[in-house]
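Structure record follows, encoded as structure tokens.
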Amino acid sequence: MASTTETGHAKNIANFQTLIEFLTGYGSSYNPSKSNLRLPALIALKDSAELALADVLSHNTIYNGKVSERQVAFSGIKIMSTRFVNAIQVSDASEGSIKEAKFHNRKLQGKRASPPKTPVNPGETATATISASQQSYDQLIQHLSGLKTVLENEPNYQPHEPELLVDTLVSTITDLQNKNLEVARTYANLSNARIARNKLLYGDEIGICETASDVKKYIKAIFGATSPEFAQIKGLEFVKIKN
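Sequential numbering from 100 applies to the sequence shown in this note's numbering.
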């Protein structure tokens with residue numbers, strides 16, 4: 100079985116380059132009437148595809164970096180939230196404020212008011228798990244914001260420690276929102292880069308795969324199905340990849 104690398108986007112471009120080299124060797128014998136099958140157009144298509152593939156790789160690296168940054172930023176918020184709840188419990192805050200702060204913290208920790216009747220299936224999808232425990236990044240920010248609202252509206256919550264000030268929580272929430280937004284932005288850029296790459300490689304009529312197929316038909320027509328020229332290129336594979 101061929102590996103992902105062998106059947107991937109880069110392999111398609113590499114095979115297209117090989118095809119171009121064979122066509123160049125045919126000299127004036129290769130003279131299609133269709134403009135997009137002529138050598139200058141084929142070379143331009145190959146160059147554009149290489150740039151598009153490099154653009155996807157670049158955006159993918161940036162996106163992965165932003166995902167890692169977000170993971171680091173969110174990694175400590177459950178401990179942080181618990182510290183704020185502990186702090187309000189030892190203040191002169193009202194029982195109502197303390198109860199509400201605990202509620203938001205419980206949501207943030209992913210705990211239920213009562214345990215589920217059946218254990219969570221280890222094979223359950225991420226979407227289902229997030230729905231049950233409300234642990235998506237957006238929801239975590241929402242729960243932390245709820246805790247912040249309780250603290251800033253409780254006049255008797257006046258800690259002396261800088262890390263337990265409401266302003267510290269506000270700054271943390273802003274940072275989390277920005278990092279979440281950066282992940283969304285860089286993913287959109289990556290997705291758009293993939294669309295552009297896929298059009299050049301797999302688009303109808305204009306893509307490398309379709310163009311290579313037309314080139315093979317032309318070579319077969321002018322040299323014949325049993326010709327050495329067609330034998331050179333017929334084995335070059337161009338596989339349409341979905342992602």
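The beta-carbon is built from N, C-alpha and C at its ideal position, and this holds for glycine as well.
Quiz item: Which whole-angstrom value is the C-beta distance of residue 282 and residue 171, which I expect to be below 8 angstroms?
Solution: Going by Cβ atoms, the distance from residue 282 to residue 171 rounds to 12 angstroms, so no, they are not a contact pair.
Exercise. Would you kindly work out how many angstroms separate the C-alpha atoms of residue 114 and residue 306, rounded to a whole number?
Key: 14 angstroms
Exercise. If I'm right that residue 239 touches residue 183 with Cβ under 8 angstroms, what's the distance once you round it to whole angstroms?
Key: 14 angstroms between Cβ atoms; not a contact.
Quiz item: Are residue 292 and residue 154 close, meaning C-beta to C-beta below 8 angstroms?
Solution: yes
Quiz prompt | Spatial distance of residue 288 from residue 324 (CA atoms) | solution = 44 angstroms
Quiz item: Exposed or buried, residue 104, counting other C-beta atoms within 10 Å across all chains shown (16 or more means buried)?
Solution: Any reading at residue 104 must be qualified, since the residue scores a pLDDT of 39, below 50, and its modelled position is unreliable; the value itself is stated next. Its Cβ having fewer than 16 others within 10 Å, residue 104 is exposed.
Quiz item: The alpha helix (DSSP H) with residue 327 in it runs from where to where?
Solution: From DSSP, the alpha helix (DSSP H) with residue 327 extends over 327-332.
Self-check item: Secondary structure of residue 278, DSSP reduced to three states
Solution: helix
Quiz item: Taking the C-alpha atoms as reference points, what is the distance between residue 129 and residue 336?
Solution: 20 angstroms
Quiz item: Apart from the five residues just before and just after residue 159, which ones in its own chain have a Cβ nearer than 7 angstroms to its Cβ?
Solution: The beta carbon of residue 159 sits closer than 7 angstroms to the beta carbons of 289 from its chain, once the five residues preceding and following it are set aside; these are given in chain order.
Quiz item: Taking C-beta to C-beta, are residue 315 and residue 332 nearer than 8 angstroms?
Solution: Going by C-beta atoms, residue 315 is nearer than 8 angstroms to residue 332.
Practice problem: Would you mind sorting residue 265 into buried or exposed? The rule is 16 or more other CB atoms within 10 Å of its CB. | Solution: buried
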